[in-house]
Amino acid sequence: MSLKAENITKIYGNQKALDAVSFTIKTGEIVGFLGPNGAGKSTMMKIMTGFISQNSGDVFVNNLNTKSNIKEIKQQIGYLPEHNPLYLDMFVKEYLNFVAKLYSVENYKDKVVDIIRQTGLSSEQNKKIGALSKGFRQRTGLAAALIHNPDVLILDEPTTGLDPNQIIEIRNLIKTVGKEKTVMLSTHIMQEVEAVCDRVIIINNGQIIADKPVTEISKLTESKKQSVLTEFAEELNEKIFDQLSENISFRKVKPKSFIFESDTEEDIRPEIFRFAVNQKLTLLTLQLKEQNLEDIFRTLTQ
13 MSLKAENITK IYGNQKALDA VSFTIKTGEI VGFLGPNGAG KSTMMKIMTG FISQNSGDVF
73 VNNLNTKSNI KEIKQQIGYL PEHNPLYLDM FVKEYLNFVA KLYSVENYKD KVVDIIRQTG
133 LSSEQNKKIG ALSKGFRQRT GLAAALIHNP DVLILDEPTT GLDPNQIIEI RNLIKTVGKE
193 KTVMLSTHIM QEVEAVCDRV IIINNGQIIA DKPVTEISKL TESKKQSVLT EFAEELNEKI
253 FDQLSENISF RKVKPKSFIF ESDTEEDIRP EIFRFAVNQK LTLLTLQLKE QNLEDIFRTL
313 TQ
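In terms of this note's numbering, the sequence shown is residues 13 to 314.
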């Protein structure tokens, strides 16, 4: 089971939405597909699921080319689009039975009961979809994407509109199904990528600018700037920091909190600590800030 894109280019009028995009996702991988709005994420996903066609390049799902095998491929893909299309006048269970029959799922009634349980829809299964909250509509769309047990799962913003508890439940579900499937998901929530994904692909202006395992993504930026978060017990006049070395800059983040930054490789925390002792200041926090995925994303896409 795999998902492969080779030199995918898509042009809308004079705008090149995708420019020779290539990547491969293997079985058991959960890959986060990141990018600013308008970067080409949803366009790429629609091409991979056969909803729109590319101008050039090829997409392969389990070694089948979407140009000649799209009907068979759609049987192997579960897709949750960004704008979740649902029949609002149907009941949840009725809708999932309908989708299961479209895919010719064997013993579909038992499968619907199981998928309702997995996606936490038991309390809502006899309600009309139009009466559901946005979070439960999202769950219904995810259930429809999973109902036929696809080899490949493509999820465009899967946790949109969910509350914190629902987000954790859906993340756990994605991690569970991702052990046996090929999963590609787009999101703007960086913590979601760090919590769920094995690998990150970042796209910007229609081109892939990064493709790394989550554990190695920090190596993409070469900035050696240190950031140290401090909190003092009292509010301070900022002029007091003139006594620090010239290579240390600072900015206030709260009345008693500051972030000190430096481009030097030497740890600046000892100097800040000595400064606080000499000035008879009570230092409550002295924490070196690690660069997270959000920082890296901003650096690469700005």
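The beta-carbon is built from N, C-alpha and C at its ideal position, and this holds for glycine as well. It should be emphasised that the depicted structure is a prediction, and the values quoted were computed from it without experimental measurement.
Who are the near neighbours of residue i in its chain, counting only those whose CB is closer than 7 Å to its CB and skipping five residues on each side?
i    : result
N74  : M13, S14, Q88, D163
I252 : Q291
E94  : S54, D168, E169
L174 : G147, Q150, I182
G62  : T78, I82, I85, K86
V265 : I271
E136 : V104, L144, F148
N276 : Here residue 276 turns out to be Thr, not Asn, going by the sequence shown. Cβ neighbours of T276 beyond the five flanking positions: N259.
N96  : R149, Q150, G153
Is residue i helix, strand or coil by DSSP?
i    : result
Q178 : helix
L100 : coil
Q238 : strand
Y91  : strand
V289 : helix
S135 : helix
L197 : strand
V117 : coil
T297 : strand
L108 : helix
E228 : helix
T21  : strand
N81  : coil
L248 : coil
Closer than 6 Å by C-beta to residue i: which residues in its own chain qualify, once you throw out the five before and the five after it? Chain order, please.
i    : result
A32  : N19, T21
I186 : V208
Q299 : L241
A288 : L295
I85  : V73, L76, T78
S269 : E243
R263 : I271
D70  : E18, N77
Can you check which of these residues, the options, is closest to residue i by C-alpha distance?
i    : options                : result
I64  : L158, Y24, I141        : Y24
E106 : I159, G90, Q66         : I159
I37  : P225, H95, L114, A143  : P225
T39  : M196, I280, L293       : M196
K191 : Q27, E41, F35          : E41
Y120 : F72, E228, L108        : L108
A157 : K123, L144, K146       : K123
R310 : E278, E283, I201, E273 : I201
D254 : A143, G153, T152, I284 : I284
N49  : V189, D168, S274, F262 : D168
S145 : K264, L114, N81, L98   : L98
R151 : Q178, Q66, I221, D101  : Q178
S274 : S80, R263, N259        : N259
I221 : L293, S34, Y115        : S34
N26  : G62, N67, E247, E277   : N67
N161 : D70, D126, L248        : D126
E228 : D210, E243, F244, K237 : D210
L92  : M57, T194, D279        : M57
P267 : L248, E277, T276, E278 : L248
A245 : R286, R263, L293, Q203 : L293
T131 : A155, G90, N96         : A155
V189 : G153, D70, G69, G90    : G90
I128 : E278, G153, D70        : G153
Q203 : A112, K193, T171       : T171
Quick one: measure Cβ to Cβ for residue i and residue j, integer angstroms, because I've assumed they're closer than 8 Å.
i    : j    : result
I180 : T313 : With a Cβ gap of about 27 Å, I180 and T313 do not count as contacting.
L133 : F148 : 7 Å
T55  : A17  : Not confirmed; about 12 Å, so no contact.
M60  : I166 : 6 Å
K139 : V104 : 6 Å
S257 : K301 : That belief does not hold up - the Cβ atoms of S257 and K301 are roughly 19 Å apart, past 8 Å.
With a threshold of 8 Å on Cβ separation, who are the neighbours of residue i within its own chain once the five nearest residues in sequence on each side are excluded?
i    : result
A51  : I215, N216, N217, G218, T313
V205 : G44, L46, T199, V212, V226, L305
P176 : none
R281 : V240, L298, L300
S261 : F272, E273, S274
L100 : K140, I141, G142
Measure from the C-beta of residue i to each C-beta in chain B and report whether the shortest distance is under 8 Å.
i   : result
Y99 : The structure shown contains no chain B, having only a single protein chain.
Can you list the alpha helix (DSSP H) stretches of 4 or more residues lying completely in the region 28-71, in chain order? 53-60
Any chance you could list the beta strand (DSSP E) runs of at least 3 consecutive residues sitting entirely within the region 140-169, in chain order? 164-168
Where are the beta strand (DSSP E) runs, 3 residues long or more, that stay fully inside the region 202-226, in chain order? 211-216, 219-225
Quick one: complete beta strand (DSSP E) runs, 3+ long, within the region 251-295? 261-266, 269-274
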